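See below for the structure under consideration.
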Amino acid sequence: MTEASKNRLGYLPEERGLYRKLTIMDSIIYLASHKDYVELVVMVLLVLYFTSLNSYLLFHSLAEIFTVVVACGIFVLTWHSRRFLENNYLVFIGLAYLFIGSLDLAHTLAYTGMQIFPGYGTNLPA
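Given below as C-alpha coordinates:
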(Lines of atoms letter the chains of each structure in order from A and count residues from 1; the text may use other names and numbers.)
(Lines give C-alpha, C1' and ligand atoms only; values in the text may rest on other atoms or scores of the structure.)
Protein backbone atom coordinates (compact mmCIF):
# COMPACT_ATOMS: atom_id res chain seq x y z
CA MET A 1 0.00 0.00 0.00
CA THR A 2 1.44 3.38 -0.99
CA GLU A 3 1.69 6.36 1.36
CA ALA A 4 -0.91 8.29 -0.65
CA SER A 5 -3.43 5.46 -0.36
CA LYS A 6 -2.79 5.19 3.40
CA ASN A 7 -3.64 8.86 3.92
CA ARG A 8 -6.71 8.69 1.73
CA LEU A 9 -10.02 9.51 3.38
CA GLY A 10 -11.90 6.40 4.37
CA TYR A 11 -9.11 4.46 5.99
CA LEU A 12 -9.35 3.98 9.72
CA PRO A 13 -6.46 5.20 11.90
CA GLU A 14 -5.68 1.58 12.79
CA GLU A 15 -5.31 0.74 9.12
CA ARG A 16 -2.93 3.66 8.60
CA GLY A 17 -0.74 2.44 11.44
CA LEU A 18 -1.45 5.37 13.75
CA TYR A 19 -2.34 3.10 16.65
CA ARG A 20 -0.41 0.07 17.72
CA LYS A 21 -2.21 -3.23 17.91
CA LEU A 22 -3.26 -4.12 21.46
CA THR A 23 -3.00 -7.61 22.85
CA ILE A 24 -4.73 -9.15 25.83
CA MET A 25 -1.49 -8.86 27.80
CA ASP A 26 -1.38 -5.11 27.08
CA SER A 27 -4.90 -4.79 28.47
CA ILE A 28 -3.97 -6.74 31.61
CA ILE A 29 -0.91 -4.56 32.15
CA TYR A 30 -3.01 -1.44 31.67
CA LEU A 31 -5.59 -2.61 34.21
CA ALA A 32 -2.84 -3.58 36.65
CA SER A 33 -1.30 -0.12 36.40
CA HIS A 34 -4.71 1.44 37.15
CA LYS A 35 -5.69 -0.99 39.88
CA ASP A 36 -7.05 1.78 42.14
CA TYR A 37 -9.84 2.42 39.64
CA VAL A 38 -10.46 -1.27 39.15
CA GLU A 39 -10.75 -1.75 42.91
CA LEU A 40 -13.19 1.16 43.11
CA VAL A 41 -15.39 -0.26 40.34
CA VAL A 42 -15.36 -3.73 41.93
CA MET A 43 -16.24 -2.22 45.31
CA VAL A 44 -19.14 -0.23 43.86
CA LEU A 45 -20.45 -3.30 42.03
CA LEU A 46 -20.24 -5.39 45.20
CA VAL A 47 -22.09 -2.73 47.20
CA LEU A 48 -24.79 -2.60 44.52
CA TYR A 49 -25.07 -6.38 44.49
CA PHE A 50 -25.46 -6.66 48.26
CA THR A 51 -27.87 -3.72 48.24
CA SER A 52 -30.01 -5.55 45.69
CA LEU A 53 -30.17 -8.57 47.98
CA ASN A 54 -31.27 -6.45 50.93
CA SER A 55 -33.47 -3.77 49.36
CA TYR A 56 -34.41 -3.93 45.71
CA LEU A 57 -36.07 -0.51 45.92
CA LEU A 58 -32.81 1.13 47.03
CA PHE A 59 -30.84 -0.74 44.34
CA HIS A 60 -33.30 0.27 41.64
CA SER A 61 -33.26 3.89 42.79
CA LEU A 62 -29.44 4.03 42.80
CA ALA A 63 -29.22 2.48 39.35
CA GLU A 64 -31.85 4.84 37.92
CA ILE A 65 -30.29 7.92 39.54
CA PHE A 66 -26.96 6.96 37.97
CA THR A 67 -28.60 6.92 34.53
CA VAL A 68 -30.25 10.29 35.23
CA VAL A 69 -26.86 11.78 36.19
CA VAL A 70 -25.26 10.40 33.02
CA ALA A 71 -28.08 11.77 30.83
CA CYS A 72 -27.90 15.20 32.45
CA GLY A 73 -24.11 15.15 32.15
CA ILE A 74 -24.40 14.54 28.41
CA PHE A 75 -26.80 17.48 28.17
CA VAL A 76 -24.50 19.81 30.15
CA LEU A 77 -21.49 18.78 28.05
CA THR A 78 -23.24 19.43 24.74
CA TRP A 79 -24.94 22.62 25.98
CA HIS A 80 -21.69 24.23 27.07
CA SER A 81 -19.84 23.17 23.93
CA ARG A 82 -22.51 24.41 21.51
CA ARG A 83 -20.47 27.54 20.64
CA PHE A 84 -17.64 25.37 19.37
CA LEU A 85 -19.75 22.96 17.33
CA GLU A 86 -20.24 23.59 13.65
CA ASN A 87 -23.15 21.17 13.47
CA ASN A 88 -26.16 21.55 15.77
CA TYR A 89 -26.86 17.83 15.65
CA LEU A 90 -24.95 17.20 18.89
CA VAL A 91 -26.90 19.98 20.64
CA PHE A 92 -30.09 18.25 19.52
CA ILE A 93 -28.80 14.96 20.96
CA GLY A 94 -27.92 16.75 24.21
CA LEU A 95 -31.41 18.21 24.48
CA ALA A 96 -32.87 14.79 23.77
CA TYR A 97 -30.81 13.35 26.63
CA LEU A 98 -32.18 16.06 28.95
CA PHE A 99 -35.69 14.84 28.19
CA ILE A 100 -34.59 11.22 28.53
CA GLY A 101 -33.11 12.03 31.93
CA SER A 102 -36.28 13.80 33.06
CA LEU A 103 -38.45 10.86 31.97
CA ASP A 104 -36.07 8.48 33.73
CA LEU A 105 -36.30 10.59 36.90
CA ALA A 106 -40.11 10.53 36.69
CA HIS A 107 -39.93 6.75 36.28
CA THR A 108 -37.68 6.51 39.34
CA LEU A 109 -39.99 8.62 41.48
CA ALA A 110 -43.11 6.77 40.30
CA TYR A 111 -41.67 3.31 40.93
CA THR A 112 -43.86 1.09 43.09
CA GLY A 113 -43.04 1.57 46.75
CA MET A 114 -41.40 4.99 46.47
CA GLN A 115 -44.41 6.79 48.02
CA ILE A 116 -43.63 10.02 46.12
CA PHE A 117 -46.94 10.07 44.26
CA PRO A 118 -49.42 8.70 46.82
CA GLY A 119 -52.51 7.06 45.41
CA TYR A 120 -50.89 6.18 42.10
CA GLY A 121 -48.99 3.16 40.92
CA THR A 122 -46.23 2.90 38.37
CA ASN A 123 -48.49 4.14 35.56
CA LEU A 124 -49.19 7.80 36.30
CA PRO A 125 -52.14 9.48 34.58
CA ALA A 126 -51.37 12.11 31.96
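Just so we're aligned: -12 in this note's numbering is position 5 of the sequence shown, and the numbers increase by one with no gaps anywhere.
A virtual CB, placed ideally from N, CA and C, is assigned to each residue, including glycine.
On a predicted model such as this, the values are computed, not experimentally measured, just so you know.
Go through its chain and collect everything with a Cβ distance to residue i's Cβ below 7 angstroms, but skip five positions before and after it.
i	result
leucine 14	Val21
tyrosine 39	none
leucine 68	Val74
isoleucine 57	Gly77 and Tyr80
Do you know how far the Cα of residue j is from the Cα of residue i?
i	j	result
valine 53	histidine 90	15 angstroms
serine 97	leucine 60	Correcting the residue identity first, residue 97 is methionine in this sequence and not serine. Looking at the two C-alpha atoms, the distance is approximately 30 angstroms.
arginine 65	phenylalanine 75	10 angstroms
histidine 111	valine 30	One cannot answer for residue 111 here, as it falls past the ends of the chain, which runs -16 to 109.
valine 51	aspartate 87	6 angstroms
valine 25	phenylalanine 33	12 angstroms
alanine 93	tryptophan 62	28 angstroms
proline 101	asparagine 37	24 angstroms
Let me know the secondary structure DSSP gives residue i once reduced to three states.
i	result
methionine 26	helix
lysine 4	coil
alanine 111	This structure gives no information on residue 111, because the portion of the chain shown stretches from -16 to 109.
glycine 102	coil
histidine 17	coil
glutamate 47	helix
leucine 117	Shown here, the chain extends from -16 to 109; a query on residue 117 therefore has no answer.
What residue from the options has the CA that sits closest to residue i's CA?
i	options	result
isoleucine 48	Gly77, Met26, Lys4 and Gly84	Gly84
leucine 111	Leu28, Phe58, Ile57 and Gly56	Residue 111 cannot be examined here, being either before or after the span of the chain that is shown, -16 to 109.
Cutting at 6 angstroms between CB atoms, please list the residues of its own chain near residue i, excluding the five before and the five after it.
i	result
valine 55	The question names valine, yet the displayed sequence has cysteine at residue 55. Taken in chain order, the residues that qualify are Gly84.
serine 35	Phe42
Could you tell me whether any non-hydrogen atom of the ligand COA is closer than 7 angstroms to the CB of residue i?
i	result
phenylalanine 82	Annotation note on the ligand COA: not contained in the displayed structure, which lists no ligands.
If you drop the 5 nearest sequence neighbours on each side, which residues of the same chain put their C-beta closer than 8 angstroms to that of residue i?
i	result
tyrosine 72	none
valine 99	The question names valine, but residue 99 is isoleucine in the sequence shown. Answer for isoleucine 99: Leu92 and Ala93, listed in chain order.
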